[in-house]
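Below: one structure, written as structure tokens.
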Ligand SMILES: [Zn+2]
């Protein structure tokens with residue numbers, strides 16, 4: 061069995077920061093957003109967190125060899141076709157039910173197997189006892205239940221919907237494409253609806269028998285050491301000390317996070333401070349729209365001022 065800590069939630073909820081912090085713990089190997097590795101890295105040869113192009117990174121080259129006899133043996137278009145066929149948010153009710161058709165189940169199992177082979181190889185190459193996949197997509201977490209060799213544990217990361225909505229309105233470039241592309245942007249009402257859908261999906265995942273631990277972004281930034289200790293215990297990894305976190309700053313080393321938020325390239329001290337810019341920067345009308353659309357779950361997660 062290969063133990064995988066899957067970081068889930070809607071984008072801009074702090075999953076990359078959490079992955080980087082967990083990556084500093086002994087026995088933990090962060091892989092980045094594996095969901096995007098097939099297209100962006102194997103096909104697109106974008107940059108790994110270590111700064112090298114994917115094809116030049118020794119870590120990923122060794123993983124590709126071990127898992128598939130080389131990345132050229134991976135049928136990327138097959139993986140993407142499977143992804144398109146089974147790993148959609150709208151398919152979650154079917155993925156969660158026991159009434160899936162035999163044909164559909166075969167597709168899900170095949171899709172999950174590509175991940176399982178990659179994880180198994182990454183565990184051997186890194187020597188880590190836990191791998192972190194920060195893919196975020198709830199539908200992928202549901203699919204991974206169908207990989208019998210994966211000991212799946214999910215950290216469901218939530219952040220105040222108003223902060224998430226504000227973040228999705230900002231312009232962010234993607235350095236791994238050498239500045240050629242920007243990250244997607246959403247209107248506040250669109251991100252509010254996505255916030256509801258993604259968080260609801262993770263809230264019901266535990267009913268399918270998957271261990272799920274909910275972590276609030278704000279909690280992580282307010283009490284990083286305690287939160288990391290709690291997650292380490294959930295993932296069954298030792299937590300001797302967290303000397304890389306001191307005086308509100310985390311000292312990050314290099315990593316091989318394959319795809320995801322540009323923060324995966326950051327090395328050195330990172331201030332652990334909540335980004336609460338939305339409180340002043342998100343226009344009142346937009347804030348009211350997001351608050352109204354997300355009010356029920358904001359309440360469930362313990363956020364105040366949902367109006
Ligand atoms: Zn690398």
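Numbering (our numbering), first residue to last: 61 to 367. C-beta atoms are modelled at their ideal positions from N, C-alpha and C, and glycine is treated no differently.
DSSP places residue 279 inside the alpha helix (DSSP H), whose first and last residues are 277 to 282. Taking every residue with its beta carbon within less than 7 angstroms of a heavy atom belonging to ligand 1 gives, in chain order, 108, 109, 110, 112, 117, 119, 120, 316.
Using a Cβ distance threshold of 7 angstroms, residue 128 and residue 136 do not count as a contacting pair. Between residue 190 and residue 345, the alpha-carbon positions lie close to 44 angstroms from each other. Put simply, the backbone Cα of residue 111 is about 43 angstroms away from that of residue 158.
Taking the Cα positions, residue 114 is about 30 angstroms away from residue 303.
DSSP places residue 262 in no beta strand (DSSP E) but in the uninterrupted alpha helix (DSSP H) bounded by 248 to 265. Within the same chain, 131, 134, 136 come within 6 angstroms of residue 102 by CB-CB distance, once the 5 residues on both sides are set aside.
Runs of the beta strand (DSSP E) spanning 3 or more residues and lying entirely within the region 297 to 351 occur at 309 to 312, 328 to 331, in chain order.
With a contact defined as Cβ atoms closer than 8 angstroms, residue 194 and residue 79 qualify at about 4 angstroms.
Between residue 334 and residue 280, the CB-CB gap reaches or exceeds 7 angstroms. Cα atoms of residue 173 and residue 192: separation of roughly 17 angstroms, rounded to the nearest angstrom. Rounded to the nearest angstrom, the gap between the Cα atoms of residue 198 and residue 69 is 7 angstroms.
Secondary structure in the region 181 to 215: the alpha helix (DSSP H) runs of 4 residues or longer, each lying completely within the stretch, are 198 to 204 in chain order. Membership of residue 142 in the alpha helix (DSSP H) is indicated by the continuous run 136 to 146. Taking C-beta separations shorter than 8 angstroms and ignoring five residues to either side along the sequence, the partners of residue 87 in its chain run 188, 189, 190, 297, 298, following chain order. Rounded to whole angstroms, the Cβ separation of residue 109 and residue 124 is 16 angstroms, and the two are not in contact under 8 angstroms.
Per DSSP, the unbroken alpha helix (DSSP H) holding residue 124 starts and ends at 118 to 128. A Cβ-Cβ distance of about 6 angstroms is found for the pair residue 332 and residue 310, placing them in contact under the 8 angstroms criterion. Ranked by how close their Cα comes to the Cα of residue 151, the residues 255, 301, 350, 201 have 201 in first place. Taking 7 angstroms as the cut-off, the Cβ atoms of residue 210 and residue 94 do not count as close. Residue 258 has its alpha-carbon roughly 15 angstroms from the corresponding atom of residue 203. Per the C-alpha coordinates, the member of 147, 347, 362, 156 positioned closest to residue 268 is 156. Among the bridge pairs identified by DSSP, residue 68 is matched with 196, 216. Residue 171 and residue 340 have their alpha carbons spaced roughly 43 angstroms apart. The beta-carbon distance between residue 62 and residue 206, rounded to whole angstroms, is 15 angstroms. This is too long to meet the 8 angstroms contact definition.
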